[in-house]
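Structure first, then comments.
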Amino acid sequence: MSHTDSRTHPNLVTTFVRYSEDLEQREPDEDVLIEQIVRSLRRNNEWAAKKYKHAIRDAHAKGLGVMRGELAVYPNLPRPFRQGLFANPNTYPVIIRLSSTAGAIRSDQIRGVRGMALKVLDVSGQRIIPDDGHTTQDFVLVNSDTFPFAGVRSYAGKGMRLAKILARTPDPLLRAACTLARGASRILTPLHVRLPEAVQLFARPNDHVLGETYHSAAPLRYGDHVAKICITPLSDPVKRLTGQRIPRSAGEDAHRASVEQFLARDNAEYEVRVQLCTDPGKMPVEDATAHWSTKDSPPVPVARIRIPRQDTSSDALRTYAEDVLSFNSWNGLADHKPMGSINRLKRRVYDASSEFRHRVNKIDRVEPTTASDIPE
């Protein structure tokens, strides 16, 4: 499908929803709930720091691979898609971190959600946080097109319990839970019965992380409009990894090893696609569990990410990504401001986690300005 041929996108003639702050509706006690969640997750931070003798992220704690690459914005995009970072054809250096989303360093054999954090360098334009001095744009994505919890209120209940389970449950117990969830899913799926979303996380197949499609899950501003974005495999060698199971015999660091092995011999290419909101009723901003139908608004390719062959086993690069860098989707352009209750929660949670991690580890929080800042 050509990214420049609007004939392949009949819905491009549809009127897309215009961005407005009025699309977001805060609950009166949202800030109070967010502070309760931040305090609860801080206890997880403190518990993990004592266990590992080193502070780690309270989500996406285990890195599965760190890569350098470049993002090239396509020329001749349909006008509604020429927004923010994607307004003009340009090429940017990027650093990408793949991760497991649990707040603990777990075996790669444990099923669960995987993440891709993308940091785009040398980006100019009005910032979400004025005068922050940064020239980077972060996108934090997961291999699910929705989030398990609609907003702050639902996360304050079930979400905090799940976060504690993912952070503190011993690996053998969590692996057993994954086996039970997978078995239940196999029985119930033919009956058209779906497990609760939080349980479904443990039933996910343990596939090669380079073959996954990663989603913003919750919406973000897209210049004049509102969107969800995804990054999906583009080159054939990466597409062949989609759905490829990680063998149980591959070890505790199977994902990290598989990324190293692939990039030692092959380039990897991905495509960034944008799905614009056409109806705030069908595509709500405040409900992160809502699936946005691709029939109502097909995702449109806007950029290509190329990751050249490289050695991803470097200790210096891994330490830089795990201890120095932070990824937060609120670090970026005003044209890509995260939207909705879950994203407002993530702003505080991610910032608090980063502050704790850097303070306890006695490492400065640093944003790269050029590709040369990234160690080999």
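According to the working numbering, the sequence shown is numbered sequentially starting from 39. For each residue, glycine too, the CB sits at the ideal point set by N, CA and C. Values in this document were obtained by computation on a predicted structure and should not be read as measured data.
(message) With the cut-off set at 8 Å, would you say G122 and Y260 are in Cβ contact?
(response) Within the sequence shown, residue 122 is the residue found at index 84, counting from 1. Within the sequence shown, residue 260 is the residue found at index 222, counting from 1. In this structure, Y260 lies closer than 8 Å to G122 by Cβ.
(message) Going by beta-carbon coordinates alone, are F177 and S287 separated by less than 8 Å?
(response) For the purposes of this step, residue 177 is taken as residue 139 along the sequence shown, with counting starting at 1. For the purposes of this step, residue 287 is taken as residue 249 along the sequence shown, with counting starting at 1. Cβ distance not < 8 Å, so F177 and S287 don't count as in contact.
(request) Confirm, please, whether the CB-CB distance from G249 to Q271 is below 8 Å. (result) Against the sequence shown, residue 271 aligns to sequence position 233. Against the sequence shown, residue 249 aligns to sequence position 211. Inspection of the sequence shows that residue 271 is occupied by Pro rather than by Gln. Yes, they are a contact pair.
(request) Could you pull the start and end residues of the beta strand (DSSP E) that L102 belongs to? (result) The residue given as residue 102 occupies position 64 in the sequence shown. That run of the beta strand (DSSP E) goes 100–111.
(request) State the Cα-Cα distance for the pair R445 and F185, rounded to the nearest angstrom. (result) Past the boundaries of the shown model lies residue 445; the chain is included only from 39 to 414, so the question cannot be answered.
(request) Rounded to whole angstroms, what's the CA-CA distance from R199 to H396? Just pull it up for me. (result) Taking the sequence shown and counting its residues from 1, one reaches residue 199 at position 161. Taking the sequence shown and counting its residues from 1, one reaches residue 396 at position 358. A straight-line Cα-Cα distance of about 25 Å links R199 and H396.
(request) Go ahead and label S392 buried or exposed: buried means 16 or more other beta carbons lie within 10 angstroms of its beta carbon, across all protein chains shown. (result) As a position in the sequence shown, residue 392 is number 354, starting the count at 1. Buried, because 16 or more other Cβ atoms sit within 10 Å of the Cβ of S392.
(message) Does Q175 pass the burial test, meaning 16 or more other C-beta atoms within 10 Å, or should it be called exposed?
(response) Within the sequence shown, the letter at position 137 stands for residue 175. Buried.
(request) Could you pull the start and end residues of the beta strand (DSSP E) that I345 belongs to? (result) One-based indexing of the sequence shown puts residue 345 at position 307. That run of the beta strand (DSSP E) goes 338–345.
(message) Please state whether the Cβ-Cβ distance between G107 and I380 is less than 8 Å.
(response) The count along the sequence shown starts at 1 and reaches residue 107 at position 69. The count along the sequence shown starts at 1 and reaches residue 380 at position 342. Against a cut-off of 8 Å, the Cβ pair of I380 and G107 comes out as no contact.
(request) Return the Cβ separation of V264 and Y57 in integer angstroms, given the expectation that the two are a contact with Cβ distance under 8 Å. (result) In the sequence shown, counting from the first residue as 1, residue 264 sits at position 226. In the sequence shown, counting from the first residue as 1, residue 57 sits at position 19. That pair is a contact at about 6 Å.
(request) Can you tell me which of the three DSSP states K384 falls into? (result) As a working mapping, residue 384 is identified with position 346 in the sequence shown. Here K384 sits in helix by DSSP.
(message) Could you compute how far the alpha carbon of D245 sits from the alpha carbon of S138?
(response) Residue numbering aside, residue 245 sits at position 207 when the sequence shown is read from its first letter. Residue numbering aside, residue 138 sits at position 100 when the sequence shown is read from its first letter. Going by the C-alpha atoms only, they are around 12 Å apart.
(message) Taking 8 Å as the threshold (C-beta atoms), are L314 and P127 in contact?
(response) As a first step, residue 127 is located in the sequence shown; it is residue number 89 there, counting from the start. As a first step, residue 314 is located in the sequence shown; it is residue number 276 there, counting from the start. Result no, Cβ atoms of P127 and L314 do not sit closer than 8 Å.
(request) State the beta-bridge partners of M154 as determined by DSSP. (result) Locating residue 154 in the sequence shown gives position 116, where the first residue counts as 1. Here M154 is bridged, per DSSP, to L136, L179.
(request) Can you check DSSP and say which residues form a bridge with Q74? (result) Within the sequence shown, the letter at position 36 stands for residue 74. In the DSSP assignment, Q74 is bridged to no other residue.
(request) May I have the straight-line CA-CA distance separating A326 from V55, to the nearest angstrom? (result) Residue mapping note: residue 326 aligns to position 288 of the sequence shown, counting from 1. Residue mapping note: residue 55 aligns to position 17 of the sequence shown, counting from 1. Here the C-alpha atom of A326 lies approximately 17 Å from the C-alpha atom of V55.
(message) Assess contact between the region 331–338 and the region 296–313, defined as three or more Cβ pairs (one per stretch) separated by less than 8 Å. Is contact present?
(response) Under the three-pair Cβ rule at 8 Å, the region 331–338 counts as touching the region 296–313.
(message) Taking the alpha carbon of A99 as the reference point, which residue from P131, L383, I343, T357 has its own alpha carbon closest?
(response) Here the question's residue 99 lines up with position 61 in the sequence shown. Per the Cα distances, T357.
(message) Could you check whether N369 and H92 sit closer than 8 Å to each other, using their CB atoms as the reference points?
(response) Residue numbering aside, residue 92 sits at position 54 when the sequence shown is read from its first letter. Residue numbering aside, residue 369 sits at position 331 when the sequence shown is read from its first letter. No, the Cβ-Cβ distance between H92 and N369 is not below 8 Å.
(request) Answer yes or no: do M10 and I134 have a C-beta to C-beta separation smaller than 8 Å? (result) Absent from the structure is residue 10, since the part of the chain shown begins at 39 and ends at 414.
(message) Run through the DSSP bridge pairs and tell me what I269 is partnered with.
(response) For this step, residue 269 is matched to residue 231 along the sequence shown. Looking at the DSSP assignment, I269 forms a beta bridge with Y252, V310.
(message) By DSSP's criteria, V264 is part of a beta bridge. Which residues make up the other side?
(response) Counted from its first residue, the sequence shown places residue 264 at position 226. Looking at the DSSP output, V264 bridges to R259.
(request) Report the residue from L79, R64, Q74 whose alpha carbon sits nearest the alpha carbon of Y388. (result) Taking the sequence shown and counting its residues from 1, the one referred to as residue 388 is at position 350. Taking the Cα of Y388 as reference, the smallest distance to any Cα among L79, R64, Q74 is reached at L79.
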